[in-house]
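Residues -21 to -1, 1 to 251, numbered by mature numbering (1 follows the signal peptide of the UniProt record, and there is no 0), are exactly what the sequence shown covers, in order.
All C-beta atoms, glycine included, are put in the ideal place defined by N, C-alpha and C.
First comes the structure, then the notes that go with it.
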Amino acid sequence: MKTTKLLLAAALAGLALNAYAHKPWLLPSSSLVDAKDAWVTVDAAISEGLFDIDHQPLKLDAVVVTGPDGAKVDLQNASTGRLRSTFDVKMSKPGTYKIALVQQSVMGSYKLNGEMKRFRGSEESLAKDVPADAQEVKLTRTASRLETFVSATETDTAVFKPTGVGLELVPVTHPNDLRAGEKATWRFLLDGKPAANQAFSLIPGGVKYRGTLGEVRHTTDAKGEITFTLPAANMYLVSASWPAAAAPVPGQPPQMPPRRATYGATVEVLPQ
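Quick look at the structure:
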């Protein structure tokens, strides 16, 4: 269990660092359900190929579903297999639901008795992860957010109220109302403030059938906003991280910032 949580933390922390690395994702069966008895099924996994079931399941312990009225919604029929987890969400009220996995983690290194050691864990485990007599302690705290949105019958924006922690997407154009070739406007926040010049990418699923990644990259303006033309219809992973990776210094290991924030969300772009 501990090993799995560490792998998940690593995947979440590195969500936007490498488009080819293992990525965690939440994939709903549909983003918009127009039915009297509205349900959606969600797959959850960490995979090398985006939305491919090829590596390991995403643990569901910390997944939270929030309804349009702000109330928490229970996961139904939750199951974790060898390569993926899956669960159902009953959308008993019309409106938009947020399905999210939000985590805080700490990683770093220290020297003990002349030997360099590395660790990754939580804020709560920091005291036992790093001995009191450790030297040259270097820490990086990461706030990660992984989410997707589904709507029953109609869309609303109540679930997009920002928490003020880490990177967040506060869309002007609703993520359940995206159509290929049309314009969309999104706003990114960092700790509740506009995330100016924030880079993000949209990665479409189905890379193993295309042979190319097909990643689309964008950057917000000084207000943390961007208006862009939506790509071809597909399921996409929105991926962003802050701060931007520092340029490597020859002969030195990569420098980690004292704090990082990552964001990932699955959105569906429908045909026109």
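Cα-Cα separation, residue i to residue j
i, j, result
"P210", "H153", "16 Å"
"V85", "A50", "30 Å"
"A240", "K2", "15 Å"
"T199", "T208", "14 Å"
"Q234", "P227", "8 Å"
"L168", "Q231", "32 Å"
"D22", "P7", "6 Å"
"R120", "R238", "5 Å"
"A225", "P236", "9 Å"
"G193", "V186", "8 Å"
"L5", "T245", "7 Å"
"D40", "D53", "12 Å"
"N92", "A106", "18 Å"
"L37", "T59", "8 Å"
Three-state secondary structure (DSSP) of residue i
i, result
"K202", "coil"
"residue 264", "Here the chain comprises residues numbered -21 to 251, so residue 264 is not present and cannot be evaluated."
"R61", "coil"
"D108", "helix"
"A244", "strand"
Identity of the residue in the options nearest residue i by Cα
i, options, result
"A137", "T75, T208, P3", "T75"
"Q35", "V19, A24, A41", "A24"
"R189", "L29, K69, K140, D22", "L29"
"A131", "S71, P150, K140, A175", "S71"
"L134", "D16, A(-1), L11, L5", "Correcting the residue type first, residue 134 is Thr in the shown sequence and not Leu. Of the candidates D16, A(-1), L11, L5, the one whose C-alpha sits nearest the C-alpha of T134 is L11."
"N69", "T45, L157, V81, A(-1)", "The question names Asn, but residue 69 in the sequence shown is Lys. Considering only alpha carbons, the answer is T45."
"A17", "V129, S26, L80", "V129"
Same chain, Cβ closer than 7 Å to residue i, neighbours up to 5 away in sequence not counted
i, result
"residue 252", "Nothing about residue 252 can be reported from this structure: the residues present for the chain run from -21 to 251 only."
"residue 257", "Outside the shown range of the chain (-21 to 251) lies residue 257, about which nothing can therefore be said."
"F139", "V149, P150"
"A122", "Q83, V144, G145, A240"
"V43", "K51, A79"
Contact set for residue i: own chain, Cβ-Cβ below 8 Å, skip 5 residues either direction
i, result
"L9", "First, the amino acid is wrong: residue 9 is Ser here, not Leu. Answer for S9: V19, V129, E247, listed in chain order."
- Report yes or no: do three or more beta-carbon pairs, one from the region 95 to 106 and one from the region 59 to 69, lie closer than 8 Å? no
(Q) Count Cβ pairs between the region 160 to 167 and the region 74 to 90 that sit closer than 8 Å; are there 3 or more? (A) no
Contact the region 171 to 180 vs the region 212 to 219: 3+ CB pairs below 8 Å:
yes
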